[in-house]
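Asks: Residue numbers (this note's numbering): 5 to 73.
1. Write down the C-beta distance between residue 48 and residue 11 rounded to the nearest angstrom, noting that I regard them as a contact closer than 8 Å.
2. Measure the C-alpha to C-alpha separation of residue 19 and residue 60 and round it to an integer number of angstroms.
3. Would you mind giving the Cβ-Cβ distance between residue 14 and residue 40, rounded to the nearest angstrom? I have them listed as a contact below 8 Å.
4. First and last residue of the alpha helix (DSSP H) that includes residue 69?
5. What residue from 67, 62, 36, 26 has the CA that sits closest to residue 17's CA?
6. Between the alpha carbons of residue 53 and residue 26, how many angstroms are there, rounded?
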């Protein structure tokens with residue numbers, strides 16, 4: 005039996021939607037893309053990958069804040 009991870013499916017949908025030209029998108033289309041990205045973020049956040057991304061972003065932010073002082 006084939007199972008599909010919802011987060012992987014949303015990642016593929018996001019990539020396909022973002023490859024379209026900006027001029028071809030309506031306002032509702034952009035809102036739907038934002039909603040899909042938010043749901044993807046919620047699904048990925050509690051995983052090990054999501055925690056790794058959070059750690060990398062936190063290190064980047066602390067590095068930028070440290071260099072500006």
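Glycine residues also receive a C-beta, built at the ideal position from the N, C-alpha and C atoms.
Note that the coordinates shown come from a computational prediction; the quantities given were computed from them, not determined experimentally.
Replies: Reading off the structure:
1. Going by Cβ atoms, the distance from residue 48 to residue 11 rounds to 5 Å, so yes, they are a contact pair.
2. Here the alpha carbons of residue 60 and residue 19 stand approximately 22 Å from one another.
3. Yes, they are in contact, since the Cβ atoms of residue 14 and residue 40 sit about 6 Å apart, within 8 Å.
4. Start and end: 52-71.
5. The residue with the shortest Cα to Cα distance from residue 17 is 36.
6. Within the model, the alpha-carbon separation for residue 53 versus residue 26 is close to 29 Å.
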